[in-house]
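First up is the structure itself, then whatever we jot down about it.
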Amino acid sequence: MNRTLYVTDMDGTLLDDTSRVSPESAEIITDLTRRGALITVATARTPATVSPLLAHTVTSLPAIVMTGATLWDRNSMRYIDTRFISPETSRLIRAAADRHGVNPFIYTFDDKGMLTVYHNGERSIHDDKFINERMKLPLKRFHIDEPAGMNQSIPNTVLFFAMGPCERINALADDIRRSIDCSVSNYVDIFGKDVGIIEIFAPEVSKANAVKRLARDINADRVVVFGDNLNDLPMMRIADLSVAVDNALPEVKNAASTVIGPNTSHSVARFIAEDFERMQ
1 MNRTLYVTDM
11 DGTLLDDTSR
21 VSPESAEIIT
31 DLTRRGALIT
41 VATARTPATV
51 SPLLAHTVTS
61 LPAIVMTGAT
71 LWDRNSMRYI
81 DTRFISPETS
91 RLIRAAADRH
101 GVNPFIYTFD
111 DKGMLTVYHN
121 GERSIHDDKF
131 INERMKLPLK
141 RFHIDEPAGM
151 NQSIPNTVLF
161 FAMGPCERIN
171 ALADDIRRSI
181 DCSVSNYVDI
191 FGKDVGIIEI
201 FAPEVSKANA
211 VKRLARDINA
221 DRVVVFGDNL
231 NDLPMMRIAD
241 LSVAVDNALP
251 EVKNAASTVI
261 GPNTSHSVAR
271 FIAEDFERMQ
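Read in order, the letters of the sequence shown are residues 1 to 280 in full-length UniProt numbering.
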């Protein structure tokens with residue numbers, strides 16, 4: 001029997017226009033998983049939001065979270081195979097962010113493995129909205145304008161994340177790519193076209209590399225991925241079959257092997273169901 005690994009992005013792909021997994025999608029994926037389908041997600045999100053979003057969706061594989069910097073075992077509720085940014089690289093990134101007037105969120109793990117997020121300095125309305133929507137989530141702790149957040153090389157740093165004007169974010173991304181050995185992703189926020197987002201990880205962190213490691217670990221002989229945004233392109237390039245939803249960016253649709261319906265029509269779950277049946 002063919003062992004196909006199905007990996008789907010969340011926002012704009014698996015999630016509908018209310019940023020939820022629809023009941024129909026949850027039911028389809030749960031049923032397929034119980035029949036042996038190998039399905040997971042690959043997302044920039046952290047488990048703090050992934051876990052509640054997938055609360056009614058059964059999957060057997062760890063979720064690829066934080067753009068592949070770590071995996072999240074939903075059953076044991078622990079992080080697996082985390083890639084940390086070195087202290088020296090952290091110092092260089094913070095210096096570059098200061099030069100471009102960007103105040104990033106710094107994601108770290110505390111001694112108990114809790115995801116801990118620091119932010120110091122000026123905040124935009126987007127930053128405040130981001131914090132307020134996540135402040136009470138049980139799997140994430142925010143520390144705002146605390147002295148510990150001024151440490152230039154906070155231990156166990158996994159991610160630098162920032163939002164801001166596209167020109168400022170893009171300039172920071174270009175600067176870092178030229179001078180610092182790390183993984184950088186910058187793109188336009190799907191919820192605000194004038195807002196740029198940057199994510200900075202340890203070298204070689206990507207959804208693509210995490211998908212390849214997971215496929216190897218479970219002995220998958222075929223990989224099918226689903227996406228909608230530019231940060232999905234690397235994993236789409238390494239897949240045997242790459243699928244774009246109809247609402248995807250033009251660059252993503254052009255790069256995909258096939259284009260399906262929009263994220264508002266349970267399209268990912270329905271495609272997986274059809275493909276799973278065909279491969280049996």
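For each residue, glycine too, the CB sits at the ideal point set by N, CA and C.
- Its chain contains A97, H119, N120, G121, E122, R123, D127, A162 as the residues whose beta carbon lies nearer than 8 Å to that of N103, once the 5 sequence neighbours on both sides are disregarded; these appear in chain order.
- Going by DSSP, E251 is part of the alpha helix (DSSP H) stretching over 250-255.
- Only buried fits I272, as 16 or more other CB atoms lie within 10 angstroms of its CB.
- Contact annotation: D228 and G12 have beta-carbon atoms nearer than 9 Å.
- Taking C-beta separations shorter than 7 Å and ignoring five residues to either side along the sequence, the partners of N247 in its chain run G12, D228, P262, N263, following chain order.
- DSSP places P47 within a helical segment (H, G or I) once states are collapsed to three.
- Within the segment 69-102, the beta strand (DSSP E) runs of at least 3 residues that lie entirely inside it are, in chain order, 70-73, 78-80.
- The residues A96, in chain order, have a CB closer than 6 Å to that of D175 in the same chain once the five nearest residues on each side in sequence are set aside.
- Annotated three-state conformation of I154 is coil, per DSSP.
- A check of alpha carbon separations from M66 across L53, R45, M77, E133 identifies R45 as the nearest.
- Beta-carbon to beta-carbon, L230 and L61 are separated by about 25 Å, too far to satisfy the 8 Å threshold.
- Judged by DSSP in its simplified three-state form, R237 adopts helix.
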